[in-house]
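Chemist: Quick one: this structure, given as structure tokens, is what I'll be asking you about.
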Amino acid sequence: MATEEKLREISWKIDDLFAIGQDEEGRKLLESAIAEAKDNDAYRLFFEGELAHYSGDKETARDKHSQAVALNKDDHFLLKNYGVILSMLDRENEAIALYDQALKIKPDDYHSLRQKGTSLSKLDREEEAIALFDQALKIKPDDYHSLRQKGASLSKLDREEEAIALFDQALKIKPDNYHSLRQKGVSLSKLDREEEAIALFDQALKIKPNDYHSLSNKGASLFNLGREVEAIALFDQALKIKPDDYHSLRNKGVSLFNLGNIAEAYKLIRQALDPYLTFSDNFPTKYRFFIKKTQ
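For the sequence shown, this note's numbering begins at 3 and goes up steadily by one.
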């Protein structure tokens, strides 16, 4: 019978495989982990939840993780991972409450500190998020996830040079992490270094061909270079993977608007609109006006 510590180590290996785009290997290890945990109901449910998550079924993942926590409410590992699933469902305040429970049990758990920071960042509480990433890095200086997430928060604050330095640190530790490659590309694009950004999005897509974020961001860089037709092809690829991705819908609409296809642009931008969506200050004024006209 595998110990809980051994099962946690297997979980980290699974996450690493998915992080570098080796999805098939990750799924095989997950199926093996479910069998390994057959005598530990809480961890078996946890791994079943992870399999559902990596298969795209987040509601089943939530149910399995909830059941796992119900069986072992004092396990910081199960608590924080349930928090991650809730965060993926945009239930950030509930996720933060779970990270706080995990940290009460294990105050020096850098995973929980980092994940709480990620949820705070999703709530646009970047300074608080950065403070938590710093705490995590004080405990685990080579945690490339915390380096990357801190970089993402700095980028949201338009501190691109600092962000790029952190993405470079993360990539030095884990060169094949497509998230870091993509996010560095986003920062380069924000500095109008589009060709360099596109090269990084291509590297990310070589590792993870179905990463719709990289497809959409590459499309945005091509749009910024005036290459609308190529950009639209990439937005279409992204939307084939994630049909409700409002960034791709919006950016495809804006590209069509530039090409004079106003009717189709109208339809797509209206589809992308969300009652809670606010446009960033750097969103082009003429497109913001156009979008408001569609409301």
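Ideal Cβ placement from N, Cα and C applies to all residues, glycine included.
Can you give me the Cβ contacts of ARG64 inside the same chain, cut-off strictly under 6 Å, excluding the 5 residues immediately before and after it?
Modeler: The residues are ILE87.
Chemist: How would you write the range of the alpha helix (DSSP H) that ASN260 sits in, first residue to last?
Modeler: 248-260 is the span of the alpha helix (DSSP H), which, as asked, contains ASN260.
Chemist: Just to confirm, is the Cβ distance from ASP145 to ARG116 under 9 Å?
Modeler: In contact: ASP145 and ARG116 (Cβ atoms closer than 9 Å).
Chemist: DSSP on ALA104, reduced to helix/strand/coil?
Modeler: ALA104 falls in the helix class under three-state DSSP.
Chemist: Between the Cα of ILE107 and the Cα atoms of LYS75, GLU52, LYS269, HIS215, which residue gives the shortest distance?
Modeler: Taking only the C-alpha atoms, the option nearest ILE107 is LYS75.
Chemist: Straight-line CA distance for ALA304 to SER155?
Modeler: Because the chain spans 3 through 297 in this model, residue 304 falls outside it and cannot be assessed.
Chemist: Here's the rule I'm using: 16 or more other beta-carbon atoms within 10 Å means buried, otherwise exposed. How should ASN95 be labelled?
Modeler: When all chains shown are included, ASN95 counts as exposed.
Chemist: In three-state DSSP terms, what is LYS85?
Modeler: Per the sequence shown, the amino acid found at residue 85 is Gly instead of Lys. GLY85: helix per DSSP, three-state reduction.
Chemist: Would you call ILE264 buried or exposed, if buried means 16 or more other Cβ atoms sit within 10 Å of its Cβ?
Modeler: That one is exposed.
Chemist: Kindly indicate which three-state DSSP category ASN284 falls into: helix, strand or coil?
Modeler: Caution is warranted here: a pLDDT of 42 is assigned to ASN284, below 50, making its placement in the model unreliable, and the coordinate value is therefore given only provisionally. In this structure, ASN284 counts as coil in the three-state DSSP scheme.
Chemist: ARG184 and LEU173 - do their beta-carbons sit closer together than 9 Å?
Modeler: It is not a contact, given that the beta carbons lie outside the stated cut-off.
Chemist: Quick check on the burial criterion: 16 or more other C-beta atoms within 10 angstroms. Buried or exposed for THR120?
Modeler: So THR120 counts as buried.
Chemist: Measuring CB to CB, does ALA149 end up less than 9 Å from PHE135?
Modeler: It should be pointed out that residue 149 corresponds to Leu in this sequence rather than to Ala. Taking 9 Å as the Cβ cut-off, LEU149 and PHE135 qualify as a contacting pair.
Chemist: Any idea if TYR278 is buried or exposed, counting beta-carbon neighbours within 10 angstroms, 16 or more meaning buried?
Modeler: Its pLDDT being 38, under 50, TYR278 is placed unreliably by the model, and nothing is read from it.
Chemist: Suppose you measure from the CA of SER157 to the CA of ALA165; what does that come to, to the nearest Å?
Modeler: If you take the alpha carbons of SER157 and ALA165, they lie about 6 Å apart.
Chemist: Taking 9 Å as the cut-off, decide whether the C-beta atoms of LEU217 and LEU236 are in contact.
Modeler: It is a contact, given that the beta carbons lie within the stated cut-off.
Chemist: When you compare the CB positions of LEU80 and TYR45, do they come within less than 9 Å of one another, or not?
Modeler: Yes. Within cutoff.
Chemist: Where do the ends of the alpha helix (DSSP H) carrying ASN219 lie?
Modeler: Start and end: 214-226.
Chemist: Using a 10 Å radius around the Cβ and a threshold of 16 neighbouring Cβ atoms, would you call LYS210 buried or exposed?
Modeler: Under this definition LYS210 is a buried residue.
Chemist: How many angstroms separate the CA atom of GLU61 from the CA atom of LYS152?
Modeler: For GLU61 and LYS152, the distance between alpha carbons rounds to 28 Å.
Chemist: Looking at ILE12 and ALA4, is the spacing between their C-beta atoms short of 9 Å?
Modeler: Yes, Cβ-Cβ distance for ALA4 and ILE12 is below 9 Å.
Chemist: Apart from the five residues on each side of it in sequence, which residues of its chain come closer than 7 Å, Cβ to Cβ, to GLU215?
Modeler: Residue identity differs from the one stated: residue 215 is His in this sequence, not Glu. Excluding residues within five positions, the ones whose Cβ falls inside 7 Å are ARG184.
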